[in-house]
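Reviewing the structure listed below.
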């Protein structure tokens, strides 16, 4: 009897182990956030509000290390710069929308308000959730932009991938919305202090081969920011941001700084050009066009990014291969 039961036991064990393998990631919903777990350990939290906006923080990459600056959410970490308190984990805002500022923080700044979670996976080899936000004016709180966002988390022992998709529509379907020409934006991460490009082992590399400060204000399919992390010893880790070719103005310029700001900007040009977008003859400087954008009534904007948290540094072939894979994915929001 025992010999007959043993194969049944093994079969049941295989199904159980398969279930564990398929359920690598789990989400736990709270009143103020969604936690994403893997094997019982926190990967990231989607905070409904931090400062003036929803953010992802903290974010843990390979080997469980934190991959973003902790300030200002946690101001107790030694040797962290306490500058730019609006740089919070991973976020999506912009500095000039109908002459209002949603990038910085303060009483006269706009607020991106979390409205509700529309859907949320409980577990799987990939988990995702969809949320609704409103970009509200600071004075009366009336919405300017209705934002639907979708986050998806997947990966393995060597890397964690966070896909971030945003759909923007005007709150007033009869009104246009103007996005100004400013460097202050927009899809952004603040990297750990030890990873900064102005630190001895910090490095910035973009898809056309620019490094460090030379990557600022350039157009690129992807950028990789790498270096040590506070708890990683001598090991190197990296954060890569990839722009999907179907993302609005995917050729936009990168606001990536050696002090740790890491952002892609779909609208700004003049600040990156020293205030100039034209040559002395009056022609636009190739490959740039005039910055800013006016969204027509009833239209929408769609953005797609992938964040890859990985070990070591990327080289050009590695980054290109990851971008090629991402470029073949299809939008989920319509």
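Residue numbers (the working numbering): 6 to 339.
Glycine included, C-beta positions come from ideal geometry on N, C-alpha and C.
Please read all numbers here as calculations on a predicted model, not as lab measurements.
ask   = Mind checking residue 7: buried by the 16 CB within 10 Å criterion, or exposed?
value = In the chain shown, counting from the first residue as 1, residue 7 sits at position 2. Only weak support exists for where residue 7 lies, its pLDDT of 47 falling under 50; the value from the coordinates is given anyway. Residue 7 is exposed by the Cβ-count criterion.
ask   = Assuming residue 242 and residue 66 make a contact with CB atoms under 8 Å, what is their CB distance in whole Å?
value = Counted from its first residue, the chain shown places residue 242 at position 237. Counted from its first residue, the chain shown places residue 66 at position 61. Right, the Cβ-Cβ distance comes to about 6 Å (below 8 Å), so this counts as a contact.
query = The beta strand (DSSP E) with residue 148 in it runs from where to where?
reply = Taking the chain shown and counting its residues from 1, one reaches residue 148 at position 143. Run containing residue 148: 148-160, per the beta strand (DSSP E) assignment.
ask   = Taking the C-alpha atoms as reference points, what is the distance between residue 43 and residue 120?
value = Counting from one through the chain shown, the residue named residue 43 turns up at place 38. Counting from one through the chain shown, the residue named residue 120 turns up at place 115. Whole-angstrom Cα-Cα distance: 26 Å.
query = CB-CB under 6 Å to residue 213, same chain, minus the five flanking residues each way: which ones, in chain order?
reply = Position 208 of the chain shown, counted from the start, is the residue given in the question as residue 213. Within the same chain, Cβ atoms closer than 6 Å to the Cβ of residue 213 are found at 225, the five residues on either side in sequence being excluded.
ask   = Just how far apart, CA to CA, sit residue 324 and residue 144?
value = Numbered from 1 along the chain shown, position 319 holds the residue referred to as residue 324. Numbered from 1 along the chain shown, position 139 holds the residue referred to as residue 144. Rounded to whole angstroms, the separation of the alpha carbons of residue 144 and residue 324 is 43 Å.
request  = Return the chain-ordered ranges of every beta strand (DSSP E) run that is complete within the segment 155-206 and spans a minimum of 3 residues.
outcome  = The segment 155-206 contains these whole beta strand (DSSP E) runs: 164-175, 182-184 and 190-195.
message = According to DSSP, simplified to helix, strand and coil, what is residue 57?
response = Position 52 of the chain shown, counted from the start, is the residue given in the question as residue 57. Coil, per DSSP.
ask   = Hey, how far is the Cα of residue 185 from the Cα of residue 45?
value = Position 180 of the chain shown, counted from the first residue, corresponds to residue 185. Position 40 of the chain shown, counted from the first residue, corresponds to residue 45. Cα atoms of residue 185 and residue 45: separation of roughly 43 Å, rounded to the nearest angstrom.
Coil, strand or helix - residue 332 by DSSP = If you number the chain shown from 1, residue 332 lands on position 327. Helix.
inquiry  = Comparing C-alpha positions only, which one of 300, 335 and 41 sits nearest to residue 178?
reply    = For the purposes of this step, residue 178 is taken as residue 173 along the chain shown, with counting starting at 1. Ranking 300, 335 and 41 by Cα distance to residue 178 puts 300 first.
message = Taking the straight line between their C-alpha atoms, what separation do you get for residue 34 and residue 251?
response = On the chain shown, position 29 is the one that residue 34 refers to. On the chain shown, position 246 is the one that residue 251 refers to. Residue 34 and residue 251: Cα-Cα distance of roughly 31 Å.
inquiry  = According to DSSP, simplified to helix, strand and coil, what is residue 109?
reply    = Taking the chain shown and counting its residues from 1, one reaches residue 109 at position 104. Reduced to three states, the DSSP call for residue 109 is coil.
message = Tell me whether the segment 106-123 and the segment 157-177 touch, counting them as touching only if at least three CB pairs, one residue from each stretch, are closer than 8 Å.
response = The segment 106-123 vs the segment 157-177: no contact.
inquiry  = Which residues does DSSP list as the beta-bridge partners of residue 31?
reply    = By one-based count along the chain shown, residue 31 stands at place 26. DSSP output for residue 31 lists 42 and 128 as bridge partner(s).
query = For residue 220, does the three-state DSSP call read helix, strand or coil?
reply = Here residue 220 is taken as the residue at index 215 of the chain shown, counted from 1. The answer is helix: DSSP assigns residue 220 an H, G or I state.
Cβ distance (whole Å) where residue 98 is taken to contact residue 142 below 8 Å = For this step, residue 98 is matched to residue 93 along the chain shown. For this step, residue 142 is matched to residue 137 along the chain shown. So it is not a contact: roughly 14 Å between Cβ atoms.
ask   = Contact check, residue 263 vs residue 201 under 8 Å by CB: the rounded distance?
value = Within the chain shown, the letter at position 258 stands for residue 263. Within the chain shown, the letter at position 196 stands for residue 201. About 6 Å; that satisfies the 8 Å criterion.
ask   = What's the C-alpha gap between residue 328 and residue 227?
value = Translated into the one-based positions of the chain shown, residue 328 becomes position 323. Translated into the one-based positions of the chain shown, residue 227 becomes position 222. Rounded to whole angstroms, residue 328 to residue 227 spans 7 Å at the Cα level.
key: First through last residue of the beta strand (DSSP E) which encompasses residue 271   = Position 266 of the chain shown, counted from the start, is the residue given in the question as residue 271. In the DSSP assignment, residue 271 falls outside any beta strand (DSSP E) and carries neither an H nor an E.
Residues near residue 13 by beta carbon distance below 6 Å, same chain, minus five either side = As a working note, residue 13 is residue 8 in the chain shown. Model confidence at residue 13 stands at a pLDDT of 40, short of 50, so the residue's coordinates are unreliable; what they give is reported in the following sentence. The beta carbon of residue 13 is closer than 6 Å to none in its chain, skipping five residues each way along the sequence.
task = Starting from the C-beta of residue 291, find all residues in its chain whose C-beta is less than 8 Å away, skip the five residues before and the five after it, and write them out in chain order.
result = Here residue 291 refers to the residue found at position 286 of the chain shown. Interpretation of residue 291 is limited by its pLDDT of 48, a score under 50 that renders its predicted location unreliable; no figure is taken from the coordinates.
inquiry  = Taking 8 Å as the limit between beta carbons, can you name the residues of its chain near residue 220, skipping five residues before and five after?
reply    = As a first step, residue 220 is located in the chain shown; it is residue number 215 there, counting from the start. Closer than 8 Å at the Cβ level, and outside the excluded window around residue 220, lie 209, 210, 211, 228, 259 and 261.
query = Which one or two residues does DSSP pair with residue 139 in a beta bridge?
reply = Numbered from 1 along the chain shown, position 134 holds the residue referred to as residue 139. DSSP lists 118 and 151 as the bridge partner or partners of residue 139.
ask   = Ends of the beta strand (DSSP E) at residue 245?
value = Here residue 245 corresponds to residue number 240 of the chain shown, with the count starting at 1. 242-248 is the extent of the beta strand (DSSP E) around residue 245.
ask   = With which residues is residue 315 paired in a DSSP beta bridge?
value = Position 310 of the chain shown, counted from the start, is the residue given in the question as residue 315. Bridge partners of residue 315: 164 and 243.
key: Spatial distance of residue 5 from residue 338 (CA atoms)   = The displayed coordinates of the chain run from 6 to 339. Any statement about residue 5 would go beyond what the structure contains.
Any 3 or more C-beta pairs closer than 8 Å across the segment 84-98 and the segment 108-117 = Two segments are said to touch when three or more pairs of C-beta atoms, one from each, lie closer than 8 Å; by this definition the segment 84-98 touches the segment 108-117.
query = Grouping DSSP H, G and I as helix and E and B as strand, with all else coil, what is residue 229?
reply = In the chain shown, counting from the first residue as 1, residue 229 sits at position 224. Note: residue 229 maps to strand in three-state DSSP.
ask   = Given residue 235, which residues of its chain have a CB within under 8 Å of its CB, disregarding the five upstream and five downstream residues?
value = Residue 235 sits at position 230 when you count from the first residue of the chain shown. Cβ within range, chain order: 70, 71, 82, 197, 198 and 199.
request  = Could you give the DSSP three-state label for residue 63: helix, strand or coil?
outcome  = By 1-based counting over the chain shown, the position of residue 63 is 58. Correct three-state label for residue 63: strand.
ask   = Hey, how far is the Cα of residue 112 from the Cα of residue 321?
value = Position 107 of the chain shown holds residue 112. Position 316 of the chain shown holds residue 321. So the alpha carbons of these two residues sit roughly 43 Å apart.
request  = Figure out for me which residue from 101, 84 and 175 has the closest Cα to the Cα of residue 274.
outcome  = Stepping through the chain shown from its first residue, residue 274 is reached at position 269. Cα-wise, what sits closest to residue 274 is 101.
ask   = Would you call the CB atoms of residue 127 and residue 32 closer than 7 Å?
value = Within the chain shown, numbered from 1, the residue matching residue 127 stands at position 122. Within the chain shown, numbered from 1, the residue matching residue 32 stands at position 27. Their beta carbons are under 7 Å apart, which means residue 127 touches residue 32 by this criterion.
ask   = Can you tell me the Cα-Cα spacing of residue 164 and residue 180, whole angstroms?
value = Taking the first residue of the chain shown as 1, we reach residue 164 at position 159. Taking the first residue of the chain shown as 1, we reach residue 180 at position 175. CA-CA distance, residue 164 to residue 180, rounds to 43 Å.
query = Out of curiosity, what's the CA-to-CA distance linking residue 297 and residue 313?
reply = Position 292 of the chain shown, counted from the first residue, corresponds to residue 297. Position 308 of the chain shown, counted from the first residue, corresponds to residue 313. If I take the Cα positions, the gap works out to 28 Å.
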